[in-house]
Every structure is written in C-alpha cells, then in structure tokens.
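Enquirer: Attaching a single structure in structure tokens format; questions to follow.
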Amino acid sequence: MKRPKMVCRWLALALVLALPGGCSLLGEDEPDEARIVLEGNAGTPARLIVSRNFLSQRRAVYDDEGVFLRDSVLVLLVEADTLALSLPFDQTYDIRTYRQIYARLLRQDSTGEALTLRLLIDGKTRAEEQLQPGQDSLVVLYNYRNRPLREEPDDV
Numbered sequence: 062m063k064r065p066k067m068v069c070r071w072l073a074l075a076l077v078l079a080l081p082g083g084c085s086l087l088g089e090d091e092p093d094e095a096r097i098v099l100e101g102n103a104g105t106p107a108r109l110i111v112s113r114n115f116l117s118q119r120r121a122v123y124d125d126e127g128v129f130l131r132d133s134v135l136v137l138l139v140e141a142d143t144l145a146l147s148l149p150f151d152q153t154y155d156i157r158t159y160r161q162i163y164a165r166l167l168r169q170d171s172t173g174e175a176l177t178l179r180l181l182i183d184g185k186t187r188a189e190e191q192l193q194p195g196q197d198s199l200v201v202l203y204n205y206r207n208r209p210l211r212e213e214p215d216d217v
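Just so you know, we're using our numbering here: the sequence shown kicks off at 62 and counts up by one.
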C-alpha cells in the first residue's frame with residue numbers, strides 16, 4: 062500500500078513545481094517591456110506623455126437607440142513623464158510592475174504632417190496609430206489581459 066501514497070506525493074510535488082510556470086501554460090505570459098516608437102519627418106517637434114502607473118475604467122458608448130458606438134476610457138494618471146522631443150523617437154520602458162502603459166502624443170508644430178506612434182509589447186506590435194493633419198493629439202493605452210485601446214480624449 063506504499064505505492065499509492067508514493068504516487069500521490071510525486072504528483073503533488075510535480076504540481077507544486079509546475080505552478081510558477083503555469084501562467085504560460087494557460088495563455089500569454091505577463092509582459093516585461095513596452096517600446097514606443099514615434100516616426101515622422103526628422104526634427105519634427107512633439108510632446109509625449111508616458112505613464113505606467115495609472116488607473117483606467119472602460120465604458121461603452123451607445124446611441125439613443127442603445128446601439129453600441131465605441132469604447133471610451135477614463136484615465137487617472139498617478140505618475141507620468143512629459144517629454145519634449147524631436148522625431149524620430151524610440152524608447153523602451155519596463156512594465157513588469159504595473160503591466161500597463163499609457164502614451165499620449167501631442168502635436169507641437171503647425172505643419173500638420175502625419176506622425177506615427179507604434180507600441181510594441183515584448184517585441185510584438187500591439188498598436189500603430191497615426192496623428193493625422195488636423196488632429197492635435199492621440200492616446201494609446203495597453204493593459205495586460207485587455208486589448209489595446211485608442212482614444213481621442215475630449216478634454217484633458
């Protein structure tokens with residue numbers, strides 16, 4: 062009768078040893094880094110607000126008849142960095158603590174040429190958006206376990 066106890070112990074030990082790596086067995090690994098790449102005409106001035114420590118709440122927006130129109134997101138920045146920069150820009154951020162990143166690109170020139178913001182999470186492109194002529198800003202938001210959101214804020 063020692064054999065069933067021994068098998069149970071080995072199974073229990075195998076489960077305990079497998080738990081730390083279990084997240085990857087169930088799906089996507091938690092992200093470690095986010096990379097923000099800004100492209101446009103070389104030397105074009107821009108402002109970038111980046112945060113990894115923020116709170117966000119998603120809301121659905123419906124028309125008067127109850128038809129879904131779009132996602133909306135309310136963001137409260139707890140900590141953020143504001144960068145005045147010239148294009149091109151390429152920066153990697155450690156997101157292991159909060160597993161999220163917020164980036165808002167603001168136009169600083171009056172030429173109105175298109176600017177591209179690309180967000181890569183652990184080397185995979187998660188969002189690529191263009192700030193079109195006539196637009197003042199755009200926001201890209203990534204939360205682990207949620208799809209990336211792009212929101213043009215009404216007021217900030």
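Every residue, glycine too, gets a C-beta built ideally from N, C-alpha and C.
Roughly how many angstroms separate the alpha carbons of Asp170 and Leu144, rounded to a whole number?
Expert: Spanning the two alpha carbons is a distance of roughly 15 Å.
Enquirer: With C-beta atoms as the reference, is Arg165 less than 8 Å away from Ser117?
Expert: The answer is no: Cβ separation not under 8 Å.
Enquirer: Using the Cα positions of Leu148 and Tyr205, report the straight-line distance between them to the nearest angstrom.
Expert: Straight-line Cα distance between these residues: approximately 28 Å.
Enquirer: Are the region 122-129 and the region 174-189 touching, with three or more C-beta to C-beta distances below 8 Å?
Expert: Contact fails: fewer than three Cβ-Cβ distances are below 8 Å.
Enquirer: Is it right to say Arg157 is buried, meaning 16 or more other beta carbons lie within 10 angstroms of its own, or is it exposed?
Expert: Exposed, by the Cβ-count rule.
Enquirer: In chain order, what residues of the same chain lie with their CB nearer than 7 Å to the CB of Arg129, ignoring the 5 residues before and after it?
Expert: The question names Arg, yet the displayed sequence has Phe at residue 129. Excluding residues within five positions, the ones whose Cβ falls inside 7 Å are Ala121, Tyr123.
Enquirer: Exposed or buried, what is Thr242 when buried is set at 16 or more other beta-carbons lying within 10 Å of its beta-carbon?
Expert: Residue numbering for the chain in the displayed model covers 62 to 217; residue 242 lies beyond these limits and cannot be assessed.
Enquirer: How would you label Val201, buried or exposed, when you count the other beta carbons within 10 angstroms and need 16 or more for buried?
Expert: With 16 or more other Cβ atoms within 10 Å, it is buried.
Enquirer: Per DSSP, which one or two residues make a beta bridge with Asp132?
Expert: DSSP lists Ala121 as partners of Asp132.
Enquirer: Suppose you measure from the CA of Tyr203 to the CA of Gln193; what does that come to, to the nearest Å?
Expert: Rounded to the nearest angstrom, the two C-alpha atoms are 21 Å apart.
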